[in-house]
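Enquirer:
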Amino acid sequence: MSTPKTLYDKIWNAHIVHSDPDGTCLLYIDRHLVHEVTSPQAFEGLRLSGRKVRAPEKTIAVPDHNVPTTENRDDGIDNEESRIQVEALDKNAKDFGVNYYPVSDIRQGIVHIVGPEQGWTLPGMTVVCGDSHTATHGAFGALAHGIGTSEVEHVLATQTLIQKKSKNMKVEITGKLMPGVTAKDITLAVIGETGTAGGTGYVIEYCGQAIRELSMEGRMTVCNMAIEGGARAGLIAPDEKTYEYCKGRPHSPKGSSWEMALAYWKTLFSDEDAAFDKIVNIKGEDIAPLVTWGTSPEDVLPITAAVPDPESFSGGKVEAVRRSLEYMGLQAGQKLSEIEIDTVFIGSCTNGRIEDLRAASEILKGKKIKKGMRAMVVPGSGLVRMQAEEEGIAEIFREAGFEWRLAGCSMCLAMNPDQLEEGERCASTSNRNFEGRQGYRGRTHLVSPAMAAAAAITGKLTDVREIQ
Amino acid sequence: MEKFEKLAGVAAPMPLVNIDTDMIIPKVFLKTIKRSGLGVNLFDEMRYDREGNEKPDFVLNKPQYRNAKILVAGDNFGCGSSREHAPWAIADFGIKCVISTSFADIFYNNCFKNGILPLVLPEDEVDTLMKDAEKGANAFIEVDLENQTIVSSDGEIFRFEVDPFKKHCLLNGLDDIGLTMEKENHITAYEAKASQQFPWA
Numbered sequence: 001m002s003t004p005k006t007l008y009d010k011i012w013n014a015h016i017v018h019s020d021p022d023g024t025c026l027l028y029i030d031r032h033l034v035h036e037v038t039s040p041q042a043f044e045g046l047r048l049s050g051r052k053v054r055a056p057e058k059t060i061a062v063p064d065h066n067v068p069t070t071e072n073r074d075d076g077i078d079n080e081e082s083r084i085q086v087e088a089l090d091k092n093a094k095d096f097g098v099n100y101y102p103v104s105d106i107r108q109g110i111v112h113i114v115g116p117e118q119g120w121t122l123p124g125m126t127v128v129c130g131d132s133h134t135a136t137h138g139a140f141g142a143l144a145h146g147i148g149t150s151e152v153e154h155v156l157a158t159q160t161l162i163q164k165k166s167k168n169m170k171v172e173i174t175g176k177l178m179p180g181v182t183a184k185d186i187t188l189a190v191i192g193e194t195g196t197a198g199g200t201g202y203v204i205e206y207c208g209q210a211i212r213e214l215s216m217e218g219r220m221t222v223c224n225m226a227i228e229g230g231a232r233a234g235l236i237a238p239d240e241k242t243y244e245y246c247k248g249r250p251h252s253p254k255g256s257s258w259e260m261a262l263a264y265w266k267t268l269f270s271d272e273d274a275a276f277d278k279i280v281n282i283k284g285e286d287i288a289p290l291v292t293w294g295t296s297p298e299d300v301l302p303i304t305a306a307v308p309d310p311e312s313f314s315g316g317k318v319e320a321v322r323r324s325l326e327y328m329g330l331q332a333g334q335k336l337s338e339i340e341i342d343t344v345f346i347g348s349c350t351n352g353r354i355e356d357l358r359a360a361s362e363i364l365k366g367k368k369i370k371k372g373m374r375a376m377v378v379p380g381s382g383l384v385r386m387q388a389e390e391e392g393i394a395e396i397f398r399e400a401g402f403e404w405r406l407a408g409c410s411m412c413l414a415m416n417p418d419q420l421e422e423g424e425r426c427a428s429t430s431n432r433n434f435e436g437r438q439g440y441r442g443r444t445h446l447v448s449p450a451m452a453a454a455a456a457i458t459g460k461l462t463d464v465r466e467i468q
Numbered sequence: 001m002e003k004f005e006k007l008a009g010v011a012a013p014m015p016l017v018n019i020d021t022d023m024i025i026p027k028v029f030l031k032t033i034k035r036s037g038l039g040v041n042l043f044d045e046m047r048y049d050r051e052g053n054e055k056p057d058f059v060l061n062k063p064q065y066r067n068a069k070i071l072v073a074g075d076n077f078g079c080g081s082s083r084e085h086a087p088w089a090i091a092d093f094g095i096k097c098v099i100s101t102s103f104a105d106i107f108y109n110n111c112f113k114n115g116i117l118p119l120v121l122p123e124d125e126v127d128t129l130m131k132d133a134e135k136g137a138n139a140f141i142e143v144d145l146e147n148q149t150i151v152s153s154d155g156e157i158f159r160f161e162v163d164p165f166k167k168h169c170l171l172n173g174l175d176d177i178g179l180t181m182e183k184e185n186h187i188t189a190y191e192a193k194a195s196q197q198f199p200w201a
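Chain order of the listed sequences is H and Y. Each residue of the first sequence is one higher than the one before, starting from 1 at the first, in our numbering. Each residue of the second sequence is one higher than the one before, starting from 1 at the first, in our numbering.
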């Protein structure tokens, strides 16, 4: 009998092109996603060395980080550097013949939303992108992770990566989630438990009833933030929901090819008794709606809690917490539910999918955002935006007082004009609360879409369960 | 890529934990389509005020650390985004070695592609080197990749571990793509097999 294998082991083994005695492997890459910020130097490298893209049919490019999200964006990008970067991707995609969704295409959006939406991301694949949130695609049972620009060039040229295998970690979320608790709260709860370095050196497989009961959108939210816990990748074994999501997408297999793929996908799970190097268990019932209070995603607490005292931490974290409270303008002991905010951002590769917009609109239906609040919703793709318009969700956002934007990364990292001003405080559905992330000296509190909507109404961080 | 063999220089202490890539190189500098010239913006928001004046308290602005070649940093250095602009900025500033108790995975790999040696040491050894770094301009730290040793300014020797393949590439300044191209027959063979086994992929 062969050794029981984890899902990660199985995908890894299926992609080994060559392995050295010291464990260094050349791993084949099935899908290479590309955006405008981390690719120009890689394409330039190919030109300088006279190399081609080895598999342009497996390479998918879309501009997302720099693109404006205002209605007039077809007129062009005002910021010269941003425009040059997007134009460089236009040119590189054309010159090297890769699949491309330009800004003008209805299918354009955040690369990690476009990939699954178009059926590029499928179970059992290896997926990489010059972007740390590539972990998102792990929701399909694909081994997906971010790479640097040198590695982008390596994949473009060879369709492989030089890799050493990570360790296996199992994160089990047992039982059911309580009302008002979402996939975002699960992923924040895991980071709160393990810390931002807790996953370093591991690939996480998320499992358990609470994970199984999530939709594909929710699973993408969970895997998206695996990187914030330091893990190389997050994975969820495919099941009926996965197959259902993939079926009929433009680039998913059809006919007999679909049947063949399906038979293979059904082998993609961790064998009983497969060995994990680390196991984390969290009870779904114990997870509350969460918010971050500091400048690291591990700085997370239930909305019912208070800002912690730096002295309650140990080691280097004491100074880090002191620094982050000063940056955030918060006092130890202050109740999180009394923190006033002036901006709300709903969107990003973490929470810019249709289900996220539905959840926020449920809270907003028939209500208005607080006077003076700047609230923005940025759908993750042109197709998500279109669907939300068809479902009447866009109208709910508009009537509540939200700006209804075009697709892009927007205020998640503020490379386009959507930025916080100095001192502004935002309830955000994005993934990072780092210093300056959403704008110079802007302050970020990470929350779920429903919590963001609740905060928009009351003007402060709010327990969504009190709104419902 | 430039070869990394031995390095001796002043080490700058940055004991803060979780120094993320947004701190190392803020996003406004990611709009470049080049790799070079980012050193001046390394740690930009910590290093300069809004008007672009140097903040005198920031470590790399202090006279004794302006030419630092080594950085001793708090745990989980380089967490956050995959931007290779972070190691590009570090290398362009002149820092060729970063020492910490742990690094974020993508940043760690990116360093090796740019002639930077990221070193993971146990907490007590990082503490010792941090104190050494705090001594300033008189405290030279030596790093010897071939022998995998660090010598503190007091002559204390620490051994470090490094992946043999990564060490080989760094010592010889090897380009990964060239090395992989030598295995092209393996890639072609894999593709032929995969097209039968996974025709949809």
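Heads up, the beta-carbon is just placed ideally off N, CA and C, and yes, glycines get one too.
(1) By the criterion of Cβ-Cβ separation under 8 Å, what are the contact partners of residue 66 (chain H) in chain Y?
(2) Per DSSP, which residues does residue 207 (chain H) bridge with? Please list them.
(3) What is the DSSP secondary structure of residue 364 (chain H), counted as helix, strand or coil?
(4) Just curious, the alpha helix (DSSP H) that residue 10 (chain H) is in, first and last residue?
(5) Which residues bound the beta strand (DSSP E) around residue 555 (chain H)?
(6) Along chain Y, in chain order, which residues have C-beta atoms closer than 9 Å to that of residue 47 (chain H)?
(7) Classify residue 129 (chain Y) as buried or exposed, calling it buried when 16 or more other Cβ atoms lie within 10 Å of its own Cβ.
(8) According to DSSP, simplified to helix, strand and coil, what is residue 233 (chain H)?
(9) Quickly, what does DSSP pair residue 167 (chain H) with across the bridge? List them, please.
(10) Starting from residue 281 (chain H), follow the beta strand (DSSP E) in both directions and report where the run begins and ends.
(11) List in chain order: all unbroken alpha helix (DSSP H) runs of 4+ residues lying wholly within the stretch 89-120 of chain Y.
(12) Strictly by DSSP, which residues pair up with residue 444 (chain H)?
(13) Taking its Cβ as the centre, do 16 or more other Cβ atoms sit within 10 Å of residue 247 (chain H), making it buried, or is it exposed?
(14) Ignore the nearest five residues each way along the sequence and tell me which others in residue 47 (chain Y)'s own chain have a CB closer than 7 Å to its CB.
(15) Could you give the residue range of the alpha helix (DSSP H) that holds residue 168 (chain Y)?
(16) For the stretch 85-111 of chain Y, which residues have a beta carbon sitting closer than 7 Å to at least one beta carbon of chain B?
(17) Hey, out of Y:160, Y:138, Y:139, whose CA is closest to residue 147 (chain Y)'s CA?
(18) Based on Cα-Cα distance, which residue from H:59, H:71, H:135 lies nearest to residue 89 (chain H)?
(19) Please name the residue in H:178, H:270, H:45, H:166 whose C-alpha comes closest to that of residue 178 (chain Y).
(20) Can you tell me whether residue 345 (chain H) is helix, strand or coil according to DSSP?
(21) For the stretch 116-133 of chain Y, which residues have a CB atom closer than 8 Å to at least one CB atom of chain H, in sequence order?
(22) Of the residues that make up the stretch 146-169 of chain Y, which ones have a beta carbon closer than 8 Å to any beta carbon in chain H?
(23) Start and end of the beta strand (DSSP E) containing residue 317 (chain H)?
(24) Out of curiosity, what's the CA-to-CA distance linking residue 94 (chain H) and residue 447 (chain H)?
(25) What in chain H is Cβ-close to residue 194 (chain Y), meaning under 9 Å?
(26) Can you list, in chain order, the residues of its chain whose CB lies under 7 Å from that of residue 30 (chain H), leaving out five sequence neighbours each side?
(27) Compare the Cα-Cα distances from residue 196 (chain H) to each of Y:39, Y:103, Y:66 and report the closest residue.
(28) State the beta-bridge partners of residue 79 (chain Y) as determined by DSSP.
(29) Considering only residues of the same chain and omitting the five flanking positions on each side of residue 135 (chain Y), which have a CB-CB separation below 8 Å?
(30) Strictly under 9 Å for the Cβ-Cβ distance: is residue 187 (chain Y) near chain H by that measure?
(31) Could one say the Cβ of residue 67 (chain Y) lies closer than 9 Å to chain H's Cβ atoms, at least one of them?
(32) Is the distance from the Cβ of residue 174 (chain Y) to the Cβ of residue 96 (chain Y) below 9 Å?
(33) Please list, in chain order, the chain Y residues whose beta carbon lies closer than 8 Å to that of residue 434 (chain H).
(34) Can you grab the Cα-Cα spacing for the pair residue 318 (chain H) / residue 324 (chain H), in whole Å?
(35) Residues in its own chain within less than 7 Å of residue 194 (chain H) by CB, not counting five upstream and five downstream?
(36) To the nearest angstrom, report how far apart residue 42 (chain Y) and residue 214 (chain H) are at their CA atoms.
Expert: Taking the geometry as given:
(1) Against the first sequence, residue 66 (chain H) aligns to sequence position 66. What residue 66 (chain H) touches in chain Y: 31.
(2) Locating residue 207 (chain H) in the first sequence gives position 207, where the first residue counts as 1. DSSP lists H:172 as partners of residue 207 (chain H).
(3) Taking the first sequence and counting its residues from 1, one reaches residue 364 (chain H) at position 364. Helix at residue 364 (chain H).
(4) Here the question's residue 10 (chain H) lines up with position 10 in the first sequence. Residue 10 (chain H) -> alpha helix (DSSP H) spans 7-14.
(5) Outside the displayed range of chain H (1 to 468) lies residue 555 (chain H), so it cannot be described from this structure.
(6) Here the question's residue 47 (chain H) lines up with position 47 in the first sequence. Those within 9 Å of residue 47 (chain H) in chain Y number zero; the least Cβ separation is about 12 Å.
(7) Along the second sequence, read from residue 1 onward, the residue named residue 129 (chain Y) stands at position 129. That one is buried.
(8) Sequence index remark: in the first sequence, residue 233 (chain H) carries index 233 (1-based). Residue 233 (chain H) falls in the strand class under three-state DSSP.
(9) On the first sequence, residue 167 (chain H) is found 167 positions in, with the first residue counted as 1. Answer is H:202.
(10) Indexing the first sequence from 1 puts residue 281 (chain H) at position 281. Element bounds for residue 281 (chain H): 278-283.
(11) 105-112
(12) Taking the first residue of the first sequence as 1, we reach residue 444 (chain H) at position 444. In DSSP, residue 444 (chain H) forms a bridge with H:426.
(13) For this step, residue 247 (chain H) is matched to residue 247 along the first sequence. Residue 247 (chain H) is exposed by the Cβ-count criterion.
(14) Taking the second sequence and counting its residues from 1, the one referred to as residue 47 (chain Y) is at position 47. If we look at residue 47 (chain Y) and ignore the five residues flanking it on each side, its Cβ neighbours are 54, 55, 58, 60, 61.
(15) Here residue 168 (chain Y) refers to the residue found at position 168 when the second sequence is read from its first residue. Residues 164-172.
(16) You won't find chain B in this structure, because its protein chains are H and Y.
(17) Taking the first residue of the second sequence as position 1, residue 147 (chain Y) is located at position 147. Per the Cα distances, Y:160.
(18) For the purposes of this step, residue 89 (chain H) is taken as residue 89 along the first sequence, with counting starting at 1. Ranking the options by Cα distance to residue 89 (chain H), first place goes to H:59.
(19) On the second sequence, position 178 is the one that residue 178 (chain Y) refers to. Ranking the options by Cα distance to residue 178 (chain Y), first place goes to H:45.
(20) To locate residue 345 (chain H), count along the first sequence from 1; it is residue 345. Strand at residue 345 (chain H).
(21) none
(22) 163, 164, 165
(23) To locate residue 317 (chain H), count along the first sequence from 1; it is residue 317. From DSSP, residue 317 (chain H) is part of no beta strand (DSSP E) but of the alpha helix (DSSP H) over 317-328.
(24) As a working note, residue 94 (chain H) is residue 94 in the first sequence. As a working note, residue 447 (chain H) is residue 447 in the first sequence. The straight-line gap from Cα to Cα measures roughly 39 Å.
(25) As a working mapping, residue 194 (chain Y) is identified with position 194 in the second sequence. Those within 9 Å of residue 194 (chain Y) in chain H are 14, 15, 28, 30.
(26) Your numbering for residue 30 (chain H) matches position 30 in the first sequence. Result list for residue 30 (chain H): 58, 125, 126, 127, in chain order.
(27) Counting from one through the first sequence, the residue named residue 196 (chain H) turns up at place 196. The option with the nearest alpha carbon to residue 196 (chain H) is Y:103.
(28) Position 79 of the second sequence holds residue 79 (chain Y). Partner(s): Y:20.
(29) For the purposes of this step, residue 135 (chain Y) is taken as the residue at position 135 of the second sequence. 153.
(30) Start at 1 with the first residue of the second sequence, and residue 187 (chain Y) comes out as number 187. Chain H, which has a Cβ nearer than 9 Å to the Cβ of residue 187 (chain Y), makes this yes.
(31) By 1-based counting over the second sequence, the position of residue 67 (chain Y) is 67. No, because no Cβ of chain H sits closer than 9 Å to the Cβ of residue 67 (chain Y).
(32) As a first step, residue 174 (chain Y) is located in the second sequence; it is residue number 174 there, counting from the start. As a first step, residue 96 (chain Y) is located in the second sequence; it is residue number 96 there, counting from the start. It is not a contact, given that the beta carbons lie outside the stated cut-off.
(33) Taking the first residue of the first sequence as 1, we reach residue 434 (chain H) at position 434. Chain Y residues near residue 434 (chain H): 20, 22, 23, 80.
(34) By one-based count along the first sequence, residue 318 (chain H) stands at place 318. By one-based count along the first sequence, residue 324 (chain H) stands at place 324. So the alpha carbons of these two residues sit roughly 10 Å apart.
(35) Counted from its first residue, the first sequence places residue 194 (chain H) at position 194. Cβ within range, chain order: 229, 280.
(36) Within the second sequence, the letter at position 42 stands for residue 42 (chain Y). Within the first sequence, the letter at position 214 stands for residue 214 (chain H). One C-alpha to the other measures close to 41 Å.
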